[in-house]
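Numbering (our numbering), first residue to last: 267 to 352.
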């Protein structure tokens with residue numbers, strides 16, 4: 267998107283990068299059904315092992331900040347992408 271600023275009423279998809287080194291090297295550009303147009307997936311260094319507690323604070327340009335809190339599932343199974351919230 268050309269304007270990466272959250273405003274009141276915006277709906278967003280938040281991608282949490284837990285990409286493997288192999289995926290970075292291969293320059294994959296898709297996460298589930300979303301296309302990452304900025305040149306491929308990047309690793310954030312996060313390691314979300316099962317039952318990890320995650321707290322995210324979303325602060326828009328205007329309006330009230332909100333949080334998204336969740337616990338990672340006890341098993342990820344064999345899925346490539348997992349919806350963690352809600």
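All residues carry an ideal CB built from backbone N, CA and C; glycine is no exception.
Contact under 8 Å by Cβ, residue i with residue j
i           : j           : result
residue 272 : residue 316 : no
residue 284 : residue 313 : yes
Boundaries (first-last residue) of the beta strand (DSSP E) holding residue i
i           : result
residue 335 : 332-337
residue 273 : Looking at the DSSP string, residue 273 is not in any beta strand (DSSP E), and its letter there is neither H nor E.
Own chain, CB closer than 8 Å to residue i, minus 5 neighbours either side, in chain order
i           : result
residue 329 : 273 and 274
residue 276 : 326
Residues of its chain near residue i, where Cβ-Cβ distance is below 6 Å and the 5 sequence neighbours each way are ignored
i           : result
residue 318 : 338
residue 322 : 334
residue 324 : 332
residue 348 : 342
residue 320 : 336
residue 350 : 336
Residues that residue i bridges to, as DSSP identifies them
i           : result
residue 327 : Bridge partners of residue 327: none, in fact.
residue 319 : 337
Own chain, CB closer than 7 Å to residue i, minus 5 neighbours either side, in chain order
i           : result
residue 340 : 316 and 317
Residue i CB to nearest heavy atom of the ligand HEM below 7 Å
i           : result
residue 330 : For the structure depicted, the ligand HEM is absent and the ligand set is empty, with no information on it obtainable.
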